[in-house]
Amino acid sequence: MLRRFIHARIRAFERRYDYDARYLHELAARDGAAFRAFTGAAARLGRPRAGLPAAAWFGARLAAMLAEDCGPCTQLNVDMAREAGVDAATLHALLAGTPDAACADAALGFRFAQAVIDDLPALTALRAAVVDRYGAAAPAALGLAVVGARLYPPLKRAMGHAGACTRVTAPRTGPPAET
Numbered sequence: 002m003l004r005r006f007i008h009a010r011i012r013a014f015e016r017r018y019d020y021d022a023r024y025l026h027e028l029a030a031r032d033g034a035a036f037r038a039f040t041g042a043a044a045r046l047g048r049p050r051a052g053l054p055a056a057a058w059f060g061a062r063l064a065a066m067l068a069e070d071c072g073p074c075t076q077l078n079v080d081m082a083r084e085a086g087v088d089a090a091t092l093h094a095l096l097a098g099t100p101d102a103a104c105a106d107a108a109l110g111f112r113f114a115q116a117v118i119d120d121l122p123a124l125t126a127l128r129a130a131v132v133d134r135y136g137a138a139a140p141a142a143l144g145l146a147v148v149g150a151r152l153y154p155p156l157k158r159a160m161g162h163a164g165a166c167t168r169v170t171a172p173r174t175g176p177p178a179e180t
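Sequential numbering from 2 applies to the sequence shown in our numbering.
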């Protein structure tokens, strides 16, 4: 009964985001404890936004995805960012690797995440900017956004579900996608 419910929830997620989550179906079917551990960790890491604007949060997640993934998980985060109200022009700028062309919140989240991922010398100054703009809890929240985003691609690769690279797209104009 529980497995049926889990698979139904995964299928609903797949339909909502046009996302292939076969790896989650497989994990749930083969090892329920591992599935619960993974999804529990992912859910907990995906929540602590500490009052951050969606653009900053998704800016950090997209930097992590671009460093780790070659398409499907990045596209999923683009779709979720649109759903959360991040504008298309900002998403295009981040996907193009030109955060200066994005809104200020997204650019700061993106640059901060890149500095965290690559341990760049600019990290100290970016951390100070994040604290100044969003408060003392924000660096940890953005760090957790990076960690949470990076959970999925390695699991998919380990399970043999990391397919060929796919092109990531963001809508050119218009309002955010509806939920």
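Yeah, the Cβ is synthetic: ideal placement off N, Cα and C, and Gly gets one too.
Where does residue 26 fall in DSSP's three states? Position 25 of the sequence shown, counted from the start, is the residue given in the question as residue 26. DSSP, read as helix, strand or coil, puts residue 26 in helix.
Which of the three DSSP states is assigned to residue 144 in this structure? Position 143 of the sequence shown, counting from 1, holds the residue named residue 144. Of the three classes helix, strand and coil, the one that applies to residue 144 here is helix, per DSSP.
Do the stretch 150-159 and the stretch 63-70 touch if we need at least three Cβ pairs shorter than 8 Å? yes
From residue 7 to residue 123, what does the alpha carbon distance come to, in whole angstroms? By one-based count along the sequence shown, residue 7 stands at place 6. By one-based count along the sequence shown, residue 123 stands at place 122. Distance between the alpha carbons of residue 7 and residue 123: 43 Å.
Inspect the beta-carbon positions of residue 87 and residue 55 and report whether they are closer than 7 Å. The residue labelled residue 87 in the question sits at position 86 within the sequence shown. The residue labelled residue 55 in the question sits at position 54 within the sequence shown. In contact: residue 87 and residue 55 (Cβ atoms closer than 7 Å).
Is the stretch 102-119 touching the stretch 134-153, taking contact as three or more C-beta pairs under 8 Å? yes
I'd like the span of the alpha helix (DSSP H) that includes residue 40, first residue to last. Translated into positions along the sequence shown, residue 40 becomes position 39. That run of the alpha helix (DSSP H) goes 33-46.
Return the residue from the list 89, 57, 60 and 28 that minimises the CA-CA distance to residue 158. By one-based count along the sequence shown, residue 158 stands at place 157. Each of 89, 57, 60 and 28 was checked against the Cα of residue 158, and the nearest Cα belongs to 28.
DSSP state of residue 104 mapped onto helix, strand, coil: Sequence index remark: in the sequence shown, residue 104 carries index 103 (1-based). Here residue 104 sits in coil by DSSP.
Using three-state DSSP, classify residue 54 as helix, strand or coil. Position 53 of the sequence shown, counting from 1, holds the residue named residue 54. Correct three-state label for residue 54: coil.
With 16 as the cutoff for other CB atoms within 10 Å, does residue 2 come out buried or exposed? Along the sequence shown, one-based indexing puts residue 2 at 1. Result: exposed.
Residue 75, buried or exposed, once every other Cβ within 10 Å from all chains shown has been counted against 16: Taking the first residue of the sequence shown as position 1, residue 75 is located at position 74. With 16 or more Cβ atoms within 10 Å of its Cβ, residue 75 is classed as buried.
Inter-residue Cα distance where the pair is residue 140 and residue 94: The count along the sequence shown starts at 1 and reaches residue 140 at position 139. The count along the sequence shown starts at 1 and reaches residue 94 at position 93. Using only the alpha carbons, I get a separation of about 22 Å.
Taking residue 45 as the reference, which of 162, 147, 171 and 169 has the closest Cα? Against the sequence shown, residue 45 aligns to sequence position 44. For the set 162, 147, 171 and 169, the Cα lying nearest the Cα of residue 45 is the one of 147.
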